[in-house]
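Q: Sharing a structure, written as structure tokens. Questions coming.
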Amino acid sequence: MTDSQARQADRPHRLETLPFDNSFARLPQEFHTRLAPWGLPDPHLVIASDEAAALLGLHAGELDRPEFVDALAGNSTLPGSEILSAVYSGHQFGHWAGQLGDGRAHLLGEVRTASGPWEIQLKGAGRTPYSRMGDGRAVLRSSIREFLCSEAMAALGIPTTRALAIVGSSHPVQREERETAAVCARLAPSFVRFGSFEHWAANQRENELRMLADYVIERFYPEARDAANPAAAMLAEVSRRTAAMTARWQAVGFMHGVMNTDNMSILGLTLDYGPFGFMDAFDAGHICNHTDRGGRYSYRNQPHVAHWNLHALGHALMPLIGDEAAMREAIDRNYAEVYNRDFVELMCAKLGLGDAREDDDVLISRLYGLLDANHTDYTLFFRNLGVLPAAPRTPTDDAPVRDLLIDRAACDAWLAEWRARLHSGAPADAERQRAMNAVNPKYVLRNWIAETAIRAARQGDYSELHAVHQCLKKPFDEQPGHQRFAAPPPDWAEGLEVSCSS
Ligand code: AMP
Ligand code: MG
Numbered sequence: 001m002t003d004s005q006a007r008q009a010d011r012p013h014r015l016e017t018l019p020f021d022n023s024f025a026r027l028p029q030e031f032h033t034r035l036a037p038w039g040l041p042d043p044h045l046v047i048a049s050d051e052a053a054a055l056l057g058l059h060a061g062e063l064d065r066p067e068f069v070d071a072l073a074g075n076s077t078l079p080g081s082e083i084l085s086a087v088y089s090g091h092q093f094g095h096w097a098g099q100l101g102d103g104r105a106h107l108l109g110e111v112r113t114a115s116g117p118w119e120i121q122l123k124g125a126g127r128t129p130y131s132r133m134g135d136g137r138a139v140l141r142s143s144i145r146e147f148l149c150s151e152a153m154a155a156l157g158i159p160t161t162r163a164l165a166i167v168g169s170s171h172p173v174q175r176e177e178r179e180t181a182a183v184c185a186r187l188a189p190s191f192v193r194f195g196s197f198e199h200w201a202a203n204q205r206e207n208e209l210r211m212l213a214d215y216v217i218e219r220f221y222p223e224a225r226d227a228a229n230p231a232a233a234m235l236a237e238v239s240r241r242t243a244a245m246t247a248r249w250q251a252v253g254f255m256h257g258v259m260n261t262d263n264m265s266i267l268g269l270t271l272d273y274g275p276f277g278f279m280d281a282f283d284a285g286h287i288c289n290h291t292d293r294g295g296r297y298s299y300r301n302q303p304h305v306a307h308w309n310l311h312a313l314g315h316a317l318m319p320l321i322g323d324e325a326a327m328r329e330a331i332d333r334n335y336a337e338v339y340n341r342d343f344v345e346l347m348c349a350k351l352g353l354g355d356a357r358e359d360d361d362v363l364i365s366r367l368y369g370l371l372d373a374n375h376t377d378y379t380l381f382f383r384n385l386g387v388l389p390a391a392p393r394t395p396t397d398d399a400p401v402r403d404l405l406i407d408r409a410a411c412d413a414w415l416a417e418w419r420a421r422l423h424s425g426a427p428a429d430a431e432r433q434r435a436m437n438a439v440n441p442k443y444v445l446r447n448w449i450a451e452t453a454i455r456a457a458r459q460g461d462y463s464e465l466h467a468v469h470q471c472l473k474k475p476f477d478e479q480p481g482h483q484r485f486a487a488p489p490p491d492w493a494e495g496l497e498v499s500c501s502s
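For the sequence shown, position 6 (counting from the first letter as 1) is numbered 6 according to our numbering, and the numbering increases by one without interruption.
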């Protein structure tokens, strides 16, 4: 970018002057289908993210314009936008699923901004050539879940696609019951997935495979370009980013729910929010997706599945990498190194221990055993642990944590180990508590909270949705006005189930 282009990109844009530069559209026509979205009848704005709009450099007032709603509903086309749906394939639940593709996603194009390229994609604006049996629609319920979680994950510092806005409509959509249609507009530097590469490998189209690798390397992994084996270098970096993302999921207690290879971002971003969940009562084997009977995507399996998915990507890249051992090495060494390092570092920070030490993994795995045996609320445990003094003065000092566990003796035993570690070198209480509060969120998007916002929104009341969104922007802050969102699931939410239906 030249200086004058950079200055141009810094100035807030009107919708009509968004600087589109659609690099993915310039790939050969085999990669996508140009098309017009069906759009949504009589759309209205449900919610928008100022932060996501700022990433695009959009002027704040733009979100209130009817033109914004029309464009995000897919009812009008912004100048410079070249709308398309992309093809990809993938492994679903461990089995090769063949061709999938953007069955209900329309890429409006890519906006050049001071913070790099951002693609704008509509989810739910109608059928595409890749819709298979689907209706091309998304319901308000699933759009709210995707919107809230994208923005919540970003606020937690976890790599993710972003959500710009939801537009709703009274247009009926049939799922288990009749619901209404909505479109969620998402942002990401790129929506290329592991499955985008698998698609060309499975079809033995080495040319297209190479073109896609060149495209991704050129734009996102430029340092790989000069490596002896650029595809292997890219794979190594994708492995590192995927490991970093997965370690953050595990540390915060996030479960994706459908880690199929078509839902794995080539940029290591959390992508495609469906039946995800945040851990309430801890259970290492917890399955958040009701459709996942076998528990392939349970909490404890996520790090293995991410690694498995990287191997699916690695196999797809074999025609470019050429050497099986180099492919395995690129994944295995990098994934293990970054995952193990980041996970232990994150957990040490959550426990207020400062820099990780040799034996800290023992303390961490004992803690997981304790939480699992007691089904302790995961988020509350860490937040409350921050309150405990390094040296308890009265028996009630430990109540905020002890009260969360049934087995008090086991709790005391673990706390004693934790304190022994604190005494051998950790910051003083006040400083440690501040540091712990900065990494242990008070507020996460628990299913019951999303459900509360959804139920009200389906009655036309978006106030709770807006309150949840505001709250989750500052997940680490004490927010007296939002205290109710820090609570574990109420009784009515015990049996809540989320499935792939969206
Ligand atoms: P998912 O596992 O939800 O990410 O979706 C898997 C595949 O199904 C992707 O190709 C989606 O585009 C497609 N898909 C999911 N729901 C629909 C729908 N309602 N209409 C068309 N395609 C869909
Ligand atoms: Mg998907």
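For each residue, glycine too, the CB sits at the ideal point set by N, CA and C. All values reported here derive from a predicted model rather than from experimental measurement.
1. Taking Cβ positions, are Gly101 and Val111 nearer each other than 8 Å?
2. Decide if Asp42 is buried, meaning its Cβ has at least 16 other Cβ atoms within 10 Å, or exposed.
3. Starting from Glu115, trace the beta strand (DSSP E) in both directions and tell me its first and last residue.
4. Between the alpha carbons of Leu346 and Asn440, how many angstroms are there, rounded?
5. Would you mind listing the alpha helix (DSSP H) stretches within the stretch 439 to 498 that are 4+ residues and don't spill past its ends, in chain order?
6. Quick check: the Cα distance between Leu496 and Phe147, rounded to an integer number of angstroms?
7. Whole angstroms is fine: what's the gap from Val503's alpha carbon to Tyr443's?
8. What number of angstroms, rounded off, separates the C-alpha of Arg210 from the C-alpha of Leu320?
9. Would you check if the distance between the CB atom of Arg225 and the CB atom of Gly268 is smaller than 8 Å?
10. Specify, as a first and last residue, the run of the beta strand (DSSP E) that Pro79 falls within.
11. Any chance the CB of Asn263 is under 7 Å from a heavy atom of the ligand MG?
12. Which whole runs of the alpha helix (DSSP H) in the stretch 159 to 213 are 4 residues long or more, in chain order?
13. If the criterion is Cβ atoms closer than 8 Å, does the pair Thr161 and Arg186 meet it?
14. Taking all protein chains shown into account, decide if Trp538 is buried (16 or more other Cβ within 10 angstroms of its Cβ) or exposed.
15. Tell me which residue opens and which closes the alpha helix (DSSP H) that Val258 is part of.
16. State the Cα-Cα distance for the pair Met245 and Gly57, rounded to the nearest angstrom.
17. Would you say Leu445 and Leu472 are within 8 Å of each other, going by their C-beta atoms?
18. Considering only residues of the same chain and omitting the five flanking positions on each side of Asn263, which have a CB-CB separation below 6 Å?
19. Per the contact definition of three or more C-beta pairs closer than 8 Å, is the stretch 118 to 136 in contact with the stretch 90 to 97?
20. According to DSSP, is Ser142 part of a helix, a strand, or is it coil?
21. Excluding the 5 residues preceding and the 5 following Val468 in the sequence, name in chain order all residues of the same chain whose CB lies nearer than 7 Å to its CB.
22. In the DSSP output, which residue or residues are listed as bridge partners for Asp503?
23. My assumption, with CB atoms under 8 Å, is that Phe20 sits in contact with Ser81. Please give the rounded CB distance.
24. Taking the straight line between their C-alpha atoms, what separation do you get for Leu164 and Arg175?
25. Quick one: Cα of Gly257 to Cα of Ala487, how far?
26. Arg132 and Gly168: beta carbons closer than 8 Å?
27. Within 7 Å: the Cβ of Asp21 and any heavy atom of the ligand MG?
28. Are the CB atoms of Leu310 and Ser239 nearer to each other than 8 Å?
29. Drop a sphere of 10 angstroms on the beta-carbon of Ser537, count the other beta-carbons inside from all chains shown, and report buried for 16 or more, exposed for fewer.
30. Report yes or no: do three or more beta-carbon pairs, one from the stretch 412 to 421 and one from the stretch 351 to 369, lie closer than 8 Å?
31. By DSSP's criteria, Ile47 is part of a beta bridge. Which residues make up the other side?
32. Just to confirm the assignment, what range does the alpha helix (DSSP H) spanning Gln92 have?
33. Between the C-alpha atoms of Ala281 and Val252, what's the straight-line distance to the nearest angstrom?
34. Run through DSSP, which three-state label would His290 get?
35. Quick one, are the C-beta atoms of Ala284 and Asp372 less than 8 Å apart?
36. Enumerated in chain order, which unbroken segments of the alpha helix (DSSP H) with a length of 4 residues or greater are wholly contained in the stretch 230 to 259?
A: With the structure as the only source:
1. No. Outside cutoff.
2. Classification of Asp42: exposed, given that the 10 Å Cβ count is below 16.
3. According to the sequence as given, residue 115 is Ser; it is not Glu. First-last for Ser115: undefined, no H or E at that position.
4. Approximately 10 Å, taken between the alpha carbons.
5. Counting only runs of 4 or more residues that sit fully inside the stretch 439 to 498, the alpha helix (DSSP H) segments are 447 to 458 and 463 to 472, in chain order.
6. A straight-line Cα-Cα distance of about 19 Å links Leu496 and Phe147.
7. Since the first and last residues shown for the chain are 1 and 502, residue 503 lies out of range.
8. Spanning the two alpha carbons is a distance of roughly 7 Å.
9. Not a contact, by the Cβ cut-off of 8 Å.
10. Neither: Pro79 is in no beta strand (DSSP E) and is coded neither H nor E.
11. Flag set: Cβ of Asn263 near the ligand MG.
12. Counting whole runs of 4 or more residues, the stretch 159 to 213 contains the alpha helix (DSSP H) stretches 194 to 202.
13. It is a contact, given that the beta carbons lie within the stated cut-off.
14. As displayed, the chain neither begins before 1 nor continues past 502, which places residue 538 out of reach and without an answer.
15. The continuous stretches of alpha helix (DSSP H) do not include Val258, and DSSP gives it neither H nor E.
16. For Met245 and Gly57, the distance between alpha carbons rounds to 26 Å.
17. Cβ atoms of Leu445 and Leu472: closer than 8 Å.
18. For Asn263, where only same-chain residues beyond five positions count, the Cβ hits under 6 Å are Leu271 and Asp272.
19. These segments do not touch.
20. DSSP places Ser142 in the helix class (H, G or I) of the three-state scheme.
21. Shown here for Val468: same chain residues with a beta carbon closer than 7 Å to its own, the five before and five after excluded, namely Leu148, Ile449, Ala453 and Phe485 in chain order.
22. Since the first residue of the chain shown is 1 and the last is 502, residue 503 is not available in this structure.
23. Contact flag correct, Cβ pair sits at about 6 Å.
24. When rounded, the distance between both Cα atoms is 25 Å.
25. Straight through space, the alpha carbons of Ala487 and Gly257 are spaced by roughly 23 Å.
26. Contact: no.
27. Answer for Asp21: no, Cβ out of range of the ligand MG.
28. At the C-beta level, Leu310 and Ser239 come within 8 Å of one another.
29. The structure shown has nothing for residue 537, since the chain only spans 1 to 502.
30. Between the stretch 412 to 421 and the stretch 351 to 369 there are three or more inter-stretch CB-CB distances shorter than 8 Å, so the stretches are counted as touching.
31. Beta-bridge pairing links Ile47 to Ile166.
32. Counting along the chain, Gln92 falls outside any alpha helix (DSSP H), though it belongs to the beta strand (DSSP E) covering Ser89 to Gln92.
33. One C-alpha to the other measures close to 13 Å.
34. If DSSP states are grouped into helix, strand and coil, His290 belongs with coil.
35. Their beta carbons are under 8 Å apart, which means Ala284 touches Asp372 by this criterion.
36. DSSP runs (the alpha helix (DSSP H)) wholly in the stretch 230 to 259: 230 to 252.
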